[in-house]
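First residue of the sequence shown: 1, per UniProt numbering; consecutive thereafter.
Just so it is clear, CB atoms sit at the ideal spot from N, CA and C, and this is done for glycine as well.
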Amino acid sequence: MLRSPETVKSSLLGIVSDMSKDISSFVRNPATDFTRDRKLNFKNTVSLILSMGGQSLNSELIDYFQYVEPEIPTASALIQQSDKLLPDALSYIFHHFNDPPKASRNGFRLLAADGTDINFTSNPLLEDYYQKPGRSNGGICSVHLNALYELGSRVYTDAVIHPCHAKDEFRAFCDMVDRYPDSEAPHTIWIADRGFSYFNTFAHVIEKGGFFLIRTKDVASKGLAGRLPLPSSGVFDLTVTLNLI
């Protein structure tokens, strides 16, 4: 069923509102964080972060409070309030917001995995994220996002973010498989591209009790398929037994 933008927004803000009733699991110091009556309370801080675009912090604050507040909070205040939040806060929103009824095809849930780089403001002090000048005169900072996308419902169901210098798509995929609900695994097929074609990747899905469809390099290559007794041409469907030592 299609939902209007207003309904989607209401659902998202409803989750934030429910979280604000008991913030102890989402802040670093439950006894002191967000206890004072401020404009940037827990609900406003989280809602503002979710609504931010690509503007400066001051512009984002002005847009969020829509010029109606006599004293709009400063960018410094937003940074201080944001530092009180645990990563679990946004993770909680992500998983609860993207939790529609499970869509299936012939009884199976189809989950596609892939990764991509996301650039943000350059800061040489962030060594794990900073890439020296090359294509960009001032250098860039970036993270590597690995995500699971459900093809039936068209929503993202899980994600892992690594610093650009510590990105590991294989480990991210295995982490997402390992924390997937055991009860749903027998009815799930994981789909991925060649970057995920490793025996250990297969083993994680098999141990979870699920199925996988992962692309690999051609049989004529030095990749995984090139080491298996497979035909060099034509269409085939074979069962291969391996003993890994």
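Just verifying my parser: in three-state terms, what is the DSSP assignment at residue i?
i, result
"residue 8", "helix"
"residue 221", "coil"
"residue 227", "helix"
"residue 238", "coil"
"residue 15", "helix"
"residue 97", "helix"
"residue 232", "coil"
"residue 79", "helix"
"residue 244", "coil"
Which residues bound the alpha helix (DSSP H) around residue i?
i, result
"residue 21", "Premise fails: residue 21 is in no alpha helix (DSSP H) and is neither H nor E."
"residue 47", "42-51"
"residue 62", "57-65"
On the DSSP bridge assignment, give the partners of residue i in chain order.
i, result
"residue 85", "27"
"residue 105", "108"
Taking only heavy atoms of the ligand GDP into account, decide whether any of them is closer than 8 Å to the Cβ of residue i.
i, result
"residue 58", "The ligand GDP is not among the ligands present in this structure, which contains no ligands whatsoever."
Roughly how far, in whole angstroms, is the beta-carbon of residue i from the beta-carbon of residue j, given that I think they are within contact range, below 8 Å?
i, j, result
"residue 189", "residue 201", "Contact doesn't hold; Cβ gap of about 14 Å is too wide."
"residue 187", "residue 120", "37 Å between Cβ atoms; not a contact."
"residue 169", "residue 110", "So it is not a contact: roughly 19 Å between Cβ atoms."
"residue 16", "residue 140", "The Cβ separation is near 31 Å, so there is no contact."
"residue 163", "residue 128", "4 Å"
"residue 193", "residue 114", "6 Å"
"residue 176", "residue 155", "The pair is not a contact, with the Cβ atoms about 15 Å apart (cut-off 8 Å)."
"residue 75", "residue 40", "With a Cβ gap of about 11 Å, residue 75 and residue 40 do not count as contacting."
"residue 209", "residue 182", "7 Å"
*Could you give the uninterrupted runs of the alpha helix (DSSP H) lying entirely in the UniProt domain "Transposase IS4-like" (109-218), keeping only those of 4 residues or more?*
169-178, 199-208
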